[in-house]
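Chains as they are written, first to last, in my numbering: chain A, 9 to 387; chain B, 67 to 446.
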Amino acid sequence: MILHEKYLKFREKVRDFADKEVAPRAKELDIKGEFPWDLIKRMAELELLALYVPKEYGGAGLDVLSYAIAVDEIGRVCGSTGIFLAAHSSLGVYPIYVAGSEEQKQKYLIPLARGDKIGSFGLTESNAGSDAAGTQTIAKLVGDEYVINGSKRFITSGEVADIIIFTATKDPSMGYSGISAFIVEKGTPGFSAGKKEDKLGLRGSITSELIFEDCKIPKENLLGKEGEGFKVFMATLDGGRISIGALALGIAQGALDASVKFVKENKKSGKPLKKSQSIQSMIAEMATEIEAARLLIYQAAMLKDNDMPYTKEAAMGKYYASLIGMKATDIAITIHGMLGLTKEYPVERFMRDEKLMEIGEGTSEIQKIVIAREILGKR
Amino acid sequence: MDFDLTNDQKMLQDEVRKFAQTELVPVAPEIDESGEFPWKNIKKMAELGLLGIIVPEEYGGAGFDYISLAIAIEEISRGCASTGVIVAVNNSLVSYPFLQFGNEEQKKKYLPLLCKGEKLGAFGLTEPNAGSDVVAMESTARLEGDHYILNGTKRFITNAGEAGIFVVFAYTNKELKHKGISTFIVERDTPGFSLGKHENLMGIRATANCELIFEDVKIPKENLLGKEGDGFKICMNTLDVSRIDIGAQGVGIAQSALDEAIKYSKERKAFGQPICNFEMMQSMLAEMATQIQAARFLVYYAGHCKNKGMTRFSKESAMSKYYAASIAVDVARKAVQIHGGYGYTRDYPVERIYRDAKILELYEGTSEIQKIVIARELVR
């Protein structure tokens, strides 16, 4: 894909960081289930945590395309670090940036953008995943405070996050119109982290349950207007899909890179693997599909940068990148043979990490429904 | 080909299914997590005759046919993929070559031990630099007086860490290429034979997969299986049979993924109804069930070819293994998908099933090798 000089330079900078600092840590983050505090600090120094947020709010003042490039490059070497970046930027920073009041932006956006605080987004519940209107967490206005009761599940960075945006409803029978978005800070009485998930992949990222028990939050922590929670999270997810698509893409690229290296270095029956037509066929398919996915995602990012509708394109990018990403990581293991199944090579980690991309921030089934709805109309 | 199972086959299926569901399913998550070899269940399976399914009763086996073998491996793998491959290896990679190529003394000495689970078998073919490319093996055995002196390293050997009897391939004459490979029976406690690295695998984590190291190991001459130079033939013939087993393992793993997906889709509600009501879910379930049934028939057909005594059924066996492996990976992926975020956690079995499935496309000949075998028969 042809990118403007400034993006190429930016990509160079992120790639350099990813190769030199993130890649050497990826294996142990996965095996030990270690959260990448050190890398987060470095990403903050490199101003990667709020790329499209204006400088006045502590961001880098770049755009969504730069953000997609950054997630792509980091995902290429480490899915766990990639998902942290994607969740922090798209789910922690973004909703406050689009829906927050000036006070909220000053108070929360600046420390998030600078990496002094970690952000997270609590939407999913045990019984409300794809079906977000099924939210059962209750927010009751009592005087100047909202009293929150309920729980959230599968929340990326949940346990370590300082600033959490979450959704709750006035009354579950109201469906979407009863849902509002709120901000809660770590340490608020009645708010705690529950079970930490033991996951297939992305094992260096933290996924937790969040529990609200008569948790009181000040009225000014309402994000947007009452009843606008659905709007806030739909906008958040549209943007989030670009980042999950970019992460799926990055992991797929990592699988391709590892495969190319492997077939150049190894022989079978005395013949270099790269001379085998079966191998060539696999490499060609992977590379073509990855390029197609990249174009879809960068297109969605550019539409967003130009304030044009991008819901369909973001869904397409996420759906397609995760689909071909699963295939690419699977083929990469096949190319490595039995070695690909062991922890000596990164490809089995790539495959485990990639699977989340078909599930998180809307499953592939939901993406297809979104795409079809955009094409066929809502009614 | 008869599409109905015989009464004996149905009874076996029933019995193994009951055993697998009550004994294997509950421990499968634990042994995946700990990597502990499931000896207790292996002993129980020995009592049920499942360690020597195709071995005649006179050698301590159960005396069943090859479709029965596939049925049993499918049901065991449906309960636990690690246990499935442990049993498959003991049956088709170890007992089978004894049965087919061993002399009477070898059969009498080793088969009862293998069938009763007193000693478990392992198959040492793959080497660090010789996987699909068998002829590239570097292990050698030279005859000195009454013994062969074995040297070399084998890698990715299922059961290795816990096995007592090893079928090992090595060159007795490197110049003859594939006609210079021979097969040996090596017992675990032979001096000079040690275990190397225990593999840290993505799936089938309870299978004691280790490296074998042979340093001037003295093997008595009578432990040669078949004749000198028969090794390649023995290995190819054995793999034809074991691919039926791995195909059956694939069907079992895929079936367990479908079982879980159906159960979950009926329990889980979204948008006010169980998700099994949604056409997108039904489409996945229908594809999964169809793929599994097609794979099962390919496996049975390969078993049927072997039952009939066909000497060449490489194509049928390669097709069954290739297809079952490919659909198992796909079916497991869909099962995780149907579970959504829950499928990504270790709270549900599909996460493990998904990791277990991938090996099917790699061992006992990668999918690429199976396609080459199939294509070679087509254009020969």
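Glycine included, every Cβ here is placed at the ideal spot set by N, Cα and C.
Next on the checklist: At the 9 Å Cβ level, is Arg360/A part of the contact set with chain B, yes or no?
Outcome noted: On the first sequence, residue 360/A is found 352 positions in, with the first residue counted as 1. Yes, Arg360/A counts as interfacial toward chain B.
Checklist entry - Within 10 angstroms of its Cβ, does Glu192/B collect 16 or more other Cβ (buried), or is it exposed? => result In the second sequence, the residue the question calls residue 192/B occupies position 126. Here residue 192/B is Thr; the residue named in the question, Glu, does not match the sequence. Burial call: buried.
Next on the checklist: Determine, for Ile377/A, whether the minimum Cβ-Cβ distance to residues of chain B falls below 9 Å.
Outcome noted: Reading the first sequence from its first residue, position 369 is the one you call residue 377/A. Taking Cβ atoms only, chain B reaches closer than 9 Å to Ile377/A, which makes this a yes.
Checklist entry - Pick from Glu133/A, Glu299/A, Lys21/A: whose alpha carbon is nearest that of Leu257/A? => result As a working note, residue 257/A is residue 249 in the first sequence. Comparing Cα-Cα distances from Leu257/A to each of Glu133/A, Glu299/A, Lys21/A, the minimum goes to Glu299/A.
Checklist entry - Straight-line CA distance for Lys233/A to Ser188/A? => result Taking the first sequence and counting its residues from 1, one reaches residue 233/A at position 225. Taking the first sequence and counting its residues from 1, one reaches residue 188/A at position 180. Going from the Cα of Lys233/A to the Cα of Ser188/A covers about 7 Å.
Checklist entry - Does DSSP put Leu70/A in a helix, in a strand, or in coil? => result Sequence index remark: in the first sequence, residue 70/A carries index 62 (1-based). DSSP places Leu70/A in coil when its eight states are reduced to three.
Item to check | Alpha carbon of Leu264/A to alpha carbon of Ser372/A, nearest angstrom | outcome: Residue 264/A sits at position 256 when you count from the first residue of the first sequence. Residue 372/A sits at position 364 when you count from the first residue of the first sequence. When rounded, the distance between both Cα atoms is 22 Å.
Checklist entry - How would you list, in chain order, the residues of chain B whose beta-carbon sits under 7 Å from the beta-carbon of Glu205/A? => result Translated into the one-based positions of the first sequence, residue 205/A becomes position 197. Residues of chain B passing the Cβ test: Thr411.
Next on the checklist: Assuming the contact rule is C-beta atoms closer than 8 Å, Ile305/A and Gly325/A should be a hit. Round their C-beta distance to whole Å, please.
Outcome noted: Translated into positions along the first sequence, residue 305/A becomes position 297. Translated into positions along the first sequence, residue 325/A becomes position 317. The pair is a contact, with the Cβ atoms about 4 Å apart (cut-off 8 Å).
Checklist entry - Would a check of beta-carbon distances place Glu273/A closer than 9 Å to chain B? => result Against the first sequence, residue 273/A aligns to sequence position 265. Not closer than 9 Å to any Cβ of chain B, the Cβ of Glu273/A fails to qualify, so no.
Item to check | Residues of the segment 309-326 of chain A with Cβ closer than 7 Å to any Cβ of chain B, in chain order | outcome: none
Checklist entry - What is the C-beta distance between Pro95/B and Arg418/B, in whole angstroms, given that I count them as a contact (C-beta under 8 Å)? => result On the second sequence, residue 95/B is found 29 positions in, with the first residue counted as 1. On the second sequence, residue 418/B is found 352 positions in, with the first residue counted as 1. Right, the Cβ-Cβ distance comes to about 6 Å (below 8 Å), so this counts as a contact.
Next on the checklist: For Asp315/A, count the other beta carbons within 10 Å of its own beta carbon; 16 or more makes it buried, fewer makes it exposed. Which is it?
Outcome noted: Taking the first sequence and counting its residues from 1, one reaches residue 315/A at position 307. It is exposed - the Cβ of Asp315/A has fewer than 16 other Cβ atoms within 10 Å.
Checklist entry - Which same chain residues, not among the five before or five after Asn217/B, have their C-beta less than 6 Å away from its C-beta? => result Position 151 of the second sequence, counting from 1, holds the residue named residue 217/B. Here the set comprises Thr206, Phe280.
Checklist entry - Does the segment 86-103 of chain A touch the segment 48-61 of chain A, meaning 3 or more C-beta pairs lie closer than 8 Å? => result These segments touch.
Checklist entry - Would you call Phe452/B buried or exposed, if buried means 16 or more other Cβ atoms sit within 10 Å of its Cβ? => result Here chain B has residues from 67 to 446 only, and residue 452/B is not among them.
Checklist entry - Quick one: what does DSSP say Asn157/A is sitting in, helix, strand or coil? => result The residue given as residue 157/A occupies position 149 in the first sequence. Strand, per DSSP.
Item to check | N-terminal and C-terminal residue of the alpha helix (DSSP H) that Gly90/A is part of | outcome: Against the first sequence, residue 90/A aligns to sequence position 82. From DSSP, the alpha helix (DSSP H) with Gly90/A extends over 87-94.
Checklist entry - How would you call Asn135/A, buried or exposed, if buried means at least 16 neighbouring beta carbons within 10 angstroms? => result Stepping through the first sequence from its first residue, residue 135/A is reached at position 127. Burial call: exposed.
Checklist entry - Alpha carbon to alpha carbon, what distance is there between Phe199/A and Arg334/B? => result Residue 334/B sits at position 268 when you count from the first residue of the second sequence. Residue 199/A sits at position 191 when you count from the first residue of the first sequence. Each residue's Cα considered, the two are about 27 Å apart.
Checklist entry - Does the distance from the C-beta atom of Lys437/B to that of Ser286/A stay below 9 Å? => result Residue numbering aside, residue 437/B sits at position 371 when the second sequence is read from its first letter. Residue numbering aside, residue 286/A sits at position 278 when the first sequence is read from its first letter. Yes, they are a contact pair.
Checklist entry - Could you check where the alpha helix (DSSP H) with Ser267/A kicks off and where it finishes? => result Along the first sequence, read from residue 1 onward, the residue named residue 267/A stands at position 259. Per DSSP, Ser267/A belongs to the alpha helix (DSSP H) from 237-273.
Item to check | Per-residue contacts from Phe337/B into chain A (C-beta, under 7 Å) | outcome: Here residue 337/B is taken as the residue at index 271 of the second sequence, counted from 1. In chain order: Asp139.
Item to check | Leu149/A - partner residues in DSSP beta bridges | outcome: As a position in the first sequence, residue 149/A is number 141, starting the count at 1. In DSSP, Leu149/A forms a bridge with Tyr154/A.
Checklist entry - Where do the N-terminal and C-terminal ends of the beta strand (DSSP E) with Gly127/A fall, by residue? => result Taking the first residue of the first sequence as position 1, residue 127/A is located at position 119. Here the beta strand (DSSP E) through Gly127/A covers 127-130.
Item to check | Paired residues, beta bridge with Ala207/B - DSSP | outcome: Taking the second sequence and counting its residues from 1, one reaches residue 207/B at position 141. Bridge partners of Ala207/B: Leu216/B.
Next on the checklist: Is there a C-beta anywhere in chain A that falls below 9 Å from the one on Ala202/B?
Outcome noted: Translated into positions along the second sequence, residue 202/B becomes position 136. Yes, Ala202/B lies at the interface with chain A (some Cβ there is under 9 Å from its Cβ).
Checklist entry - If you pair each beta-carbon of the segment 114-130 of chain A with each one of the segment 157-173 of chain A, do three or more pairs fall below 8 Å? => result yes
Item to check | Same chain only: Cβ atoms within 6 Å of Tyr366/B, ignoring 5 sequence neighbours per side | outcome: As a first step, residue 366/B must be located in the second sequence, where it is residue number 300. These residues qualify, in order along the chain: Ile133.
Item to check | Contact under 9 Å by Cβ, Phe220/A with Gly158/A | outcome: For this step, residue 220/A is matched to residue 212 along the first sequence. For this step, residue 158/A is matched to residue 150 along the first sequence. Taking a C-beta distance under 9 Å as the contact criterion, Phe220/A and Gly158/A qualify as a contact pair.
Next on the checklist: If you follow the alpha helix (DSSP H) that Ile142/B is in, where does it begin and where does it stop?
Outcome noted: Counted from its first residue, the second sequence places residue 142/B at position 76. 132-145 is the span of the alpha helix (DSSP H), which, as asked, contains Ile142/B.
Checklist entry - Between Arg357/A, Lys320/A, Asn229/A, which lies nearest to Leu384/A when the distance is taken from Cα to Cα? => result Within the first sequence, the letter at position 376 stands for residue 384/A. For Leu384/A, the closest of Arg357/A, Lys320/A, Asn229/A by C-alpha to C-alpha distance is Lys320/A.
Checklist entry - Which term fits Phe162/A, buried or exposed, when burial requires 16 or more other beta carbons within 10 angstroms of its beta carbon? => result Locating residue 162/A in the first sequence gives position 154, counting from the first residue. So Phe162/A counts as buried.
Checklist entry - Which one of Glu326/B, Ile251/B, Ser158/B has the shortest CA to CA distance from Leu291/B? => result Counting from one through the second sequence, the residue named residue 291/B turns up at place 225. Among Glu326/B, Ile251/B, Ser158/B, the Cα nearest to that of Leu291/B is on Ile251/B.
Checklist entry - Would a C-beta distance cut-off of 9 Å place Ala401/B and Gly431/B closer than the cut-off? => result Residue mapping note: residue 401/B aligns to position 335 of the second sequence, counting from 1. Residue mapping note: residue 431/B aligns to position 365 of the second sequence, counting from 1. Their beta carbons are not under 9 Å apart, which means Ala401/B does not touch Gly431/B by this criterion.
Next on the checklist: In this structure, how does DSSP classify His12/A when only helix, strand and coil are distinguished?
Outcome noted: Here residue 12/A corresponds to residue number 4 of the first sequence, with the count starting at 1. Here His12/A sits in coil by DSSP.
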